[in-house]
Structure formats: C-alpha cells, structure tokens
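Note that our numbering has the sequence shown beginning at 50, numbered continuously upward.
Ideal Cβ placement from N, Cα and C applies to all residues, glycine included.
Reading through the structure tokens given below for one structure.
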Amino acid sequence: PVTDVVINEAATQAEKQGCTFECEFSYPEDKSISAMDMAIVLNNLLDNALEAVALVSEKERFIKLYGTSKDNFYLIKAENSYDGTVIRDKDSSIVSRKKEKTDNGQHGIGLKSVKNIAEKYLGGVKVETGNNTFNVTVMLQSKEK
C-alpha cells in the first residue's frame, strides 16, 4: 500500500504537468525488501523525474517506471525526459540544481538516499544520460535467498 500511494501520487502530479506516465511495477513477492525502503527509493526517483520533466516542453515530457524480480534480485528502473543538463561534483556524483536550500539543507540527497538503500540490500545504482533521457537503475538483492 505504501508504494501504491507513492506511485499514484507521482502519476497524478505527472498528469497535472501534462506528462505521460507509464508504470510496470509490482512489489517483490518475497517481501524481503522493506516497504519503507522501497517507498523511499520510489519517492526519490519519482520526485527527481517530476522536477526534471517540468524543465522540458510539455510535448516531450515522459516518465517510465519499471520494477521486476529475477532470482534473488529486484531491479527498479526510472526513465524520464530532461533538458540535457547534468551537474556533477569532483567525484562525478550528480549535484542538485535546486537554487534554494530549504528543508534544512536536504536538497540533493535523493540519489544519495537511493544509493544508501541499494547498498543496504547488497546492490547498487547506475545513472545513464543521453538524448535528453535520464535513466536510473537500482538493483536490490534479497537477503533471504
């Protein structure tokens, strides 16, 4: 139910922005990944995607979310259009483009939170950009198998 709320809220926000939203996501059957951790990952990926699509023309806006299990791995892929601008710091980490540091300086920690959760589940995060498409793939590994 928690992940449903996160995804449905993002779909509603996408619709308000004139953005197409595709989703093929199901919660892992073995439930070895905490619902709260999954919600944090989804919320960060989808919030980032919604912010990114707001910077492109309405006809180019799209967000796609996929979640699939294979053996003891769970893959989440978020893909969205963006304006082609990515700012990286000296260690190649992506830096937030938000100008105002409200929320007690919490801007820019979304992908770091996703990475921390992926590492908790013996996984990782891969970010790919190109052709004005931003892709984030998160691999999580079930600890039970």
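According to the DSSP secondary-structure assignment, C68 is paired through a beta bridge with no residue.
Judged by DSSP in its simplified three-state form, K169 adopts helix. In the DSSP assignment, V187 falls within the beta strand (DSSP E) that extends over 182-190. With respect to the 8 Å criterion, L124 and L95 are not classified as neighbours on the basis of their beta carbons. Taking 8 Å as the cut-off, the beta carbon of V187 is found closer than this to the beta carbon of G172. Under the three-state reduction of DSSP output, A103 falls in the coil class, being neither helix nor strand. Nearest Cα to L189 within the set E64, S118, M85, E78: S118.
In the three-state DSSP reduction, G159 falls in the helix class (H, G or I).
Nearest to M85 by C-alpha distance, out of T178, V163, K175, N129, is V163. For F122, the enclosing beta strand (DSSP E) begins and ends at 122-130. Between N181 and D132, the gap from beta carbon to beta carbon is short of 8 Å. Distance check between Y170 and each of V90, E177, T134 places V90 closest, using alpha-carbon atoms only. Ranked by Cα distance from E107, the first of P77, T69, M87 is T69.
One Cα belongs to S75, the other to I56, and the distance between them is close to 11 Å. For the pair L99 and A59, the CB atoms are nearer than the 8 Å cut-off.
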